[in-house]
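With our numbering applied, the sequence shown corresponds to residues 915 to 1195, in that order. Every residue gets a Cβ at the ideal spot worked out from N, C-alpha and C, and that includes glycine.
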Amino acid sequence: MKSVFCLCAKYIFPFFLIFGFLDVVIAANHDNETDRLSLLAFKQTITHDPFEVLRSWNETVPFYKWQGVIYSSSGYVTSLKLQHQKLKGPISPHIGNLSFLNELLLDNNSFTGGIPPELSRLQNLKMLCLRNNSLDGEIPSNLSACSNLVEIRLSWNNLIGRIPPAEFGSFSKLQLIQAPRNSLTGSIPRSFGNLSSLLFLGFSSNYLSGHLPNEIGNLMKLEYIGFNDNSLSGEFPPGIFNLSSLTTIFVSLNKFKRTLPPYLGTTLPNLYYIAISENSF
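Below, the structure is given as structure tokens:
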């Protein structure tokens, strides 16, 4: 019996010791004070939380267990998912301190104020979803510093001003940019033609004017164009009719001229929906 006990002590005790050590390591990895304080600062700006989604965000609960917070194995916040929570208040600039954040998903709330320019610090950000809020002000031009962005969703807000021209052409990985139902003005940047990965381009129901840039014809992966209900004029760039991946064109309620070419079905074989009514064709 003694030998059995010694055998257990020899092999089983170190086993538990190792796992106890691993628990300490994991806890240490999650002890990221910068991320924790940044999230608490975000909570402080919230003026209305009807579903008490942020109730768990307190000193007694480890931040990696807070609702809506997704973290990596190294203990850094990688996603903040707080959609459909009816949260009110401005978006805290301290969000810009979450340096490992991949996803910021705050859609379908009632956030107010501007888009914090501090978001430009989020070098790892891939998805920015702020649609269906009450955000105002201009789109920060320094957002282009988030060079890994794949999706930008800003629809149904109160954004004003011009689309940042040169800056928005630098998103080499961007696949979707969506900002309908705002109050954006000015022209469509020619730099959009540099968005070589773009699949979806949507700015319907704004106050955009001028021409549709010829450079959009460079977007060979583009599947969706949405600029209906603006004040765009001039002729359709011929290059658009060579974008064989296009499935949808929404450009009604503008001031475009010139009829569409008769060979549309040949050069756009994947096109299944086109809306061009109420123009000057």
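Suppose you measure from the CA of residue i to the CA of residue j; what does that come to, to the nearest Å?
i     : j     : result
I1053 : L1115 : 16 angstroms
L1133 : C1060 : 21 angstroms
P1103 : I1009 : 28 angstroms
I1074 : L1068 : 12 angstroms
P1175 : N1120 : 27 angstroms
S1055 : L1088 : 16 angstroms
S1048 : L1001 : 11 angstroms
T974  : T1099 : 47 angstroms
L1160 : L1182 : 7 angstroms
L1063 : C1043 : 11 angstroms
V1165 : R1095 : 14 angstroms
P1030 : I1005 : 7 angstroms
G1051 : E1081 : 17 angstroms
S993  : N946  : 15 angstroms
I1190 : N1142 : 8 angstroms
N969  : F1085 : What sits at residue 969 in the sequence shown is Arg, not Asn. Cα to Cα, the separation comes out at about 37 angstroms.
Helix, strand or coil: which one does DSSP assign to residue i?
i     : result
S1147 : strand
Y1187 : strand
T974  : coil
R969  : coil
T1161 : coil
L1126 : coil
G1027 : strand
K1087 : coil
F1082 : helix
G1010 : helix
F1114 : strand
L994  : strand
C922  : At C922 the pLDDT is 44, less than 50, meaning the model places this residue with poor confidence and gives no usable figure here.
How about residue i and residue j: do their beta carbons lie closer than 8 angstroms?
i     : j     : result
G1003 : F1025 : yes
Q999  : N1016 : no
S1123 : S1105 : no
L1020 : L996  : yes
G1140 : F1155 : no
S1194 : F1170 : yes
L1112 : G1083 : no
Y990  : F1014 : yes
E1065 : L1090 : yes
L1157 : L1136 : yes
P1127 : G1107 : yes
Along the beta strand (DSSP E) that carries residue i, what are the first and last residues, could you check?
i     : result
K1171 : 1169-1171
Q1092 : 1090-1092
K1002 : 1002-1004
G1075 : 1072-1076
G1153 : No beta strand (DSSP E) holds G1153; DSSP gives it neither H nor E.
From the DSSP secondary-structure annotation, give me the bridge partner or partners of residue i.
i     : result
C1043 : L1019, R1067
L1136 : Paired residues: none, contrary to the question.
H962  : K1002
S1223 : Past the boundaries of the shown model lies residue 1223; the chain is included only from 915 to 1195, so the question cannot be answered.
S1097 : I1074
S1194 : K1171
Check for me: the alpha helix (DSSP H) holding residue i runs from which residue to which?
i     : result
G989  : Here G989 belongs to no alpha helix (DSSP H), and DSSP marks it neither H nor E.
L1178 : 1178-1181
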